[in-house]
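Participant:
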Amino acid sequence: MTSPDRSSLLARSEAHLREARLGYVEHFGVAVGIGSSLVTAGAACLLHAIVPGTSPTRQAASCAGSTARSSAISARPAPPTCTSSNMRSEAGS
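With the numbering used here as the guide, the letters of the sequence shown map in order to residues 1159 to 1251.
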């Protein structure tokens, strides 16, 4: 496995930060917040798989809130939400 060219990775990182209109620290905070929400939602889904009486809905709503906060910070529209119905339609195409 070869490592990516450092200058290329740096250039892509700088371009991403410009596109997102965020500084490094602000981007770091947003990314960690969203990642933490996703880990929490994933853990809730795993718990729900083991104990069906638990509800992953609350954690999923929290994750959606993180996406909304990220969108507000970068002033870009939120990405489309993945639902079981639109995932099935995409899988069939």
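We put the beta carbon where it would ideally sit given N, CA and C, even for glycine.
Note that the coordinates shown come from a computational prediction; the quantities given were computed from them, not determined experimentally.
Assuming contact is defined by CB atoms lying nearer than 8 Å, are Leu1196 and His1185 in contact in what I supplied?
Facilitator: no
Participant: Quick one: Cα of Gly1200 to Cα of Gly1191, how far?
Facilitator: For Gly1200 and Gly1191, the distance between alpha carbons rounds to 14 Å.
Participant: When you compare only the Cα positions, how much space is there between Glu1172 and Ala1189?
Facilitator: 15 Å
Participant: Output needed for Tyr1182: all residues of its chain with C-beta closer than 7 Å, excluding positions within five of it in sequence on either side, in chain order.
Facilitator: Taken in chain order, the residues that qualify are Leu1175.
Participant: Check whether the Cβ atoms of Thr1198 and Leu1205 lie closer than 8 Å to each other.
Facilitator: no
Participant: Assign Ser1165 to one of three DSSP states: helix, strand, or coil.
Facilitator: Helix.
Participant: Ala1202: buried (16+ other C-beta within 10 angstroms of its C-beta) or exposed?
Facilitator: buried
Participant: On the DSSP letters alone, give me the boundaries of the alpha helix (DSSP H) that Thr1212 sits inside.
Facilitator: Per DSSP, Thr1212 belongs to no alpha helix (DSSP H) and is neither H nor E.
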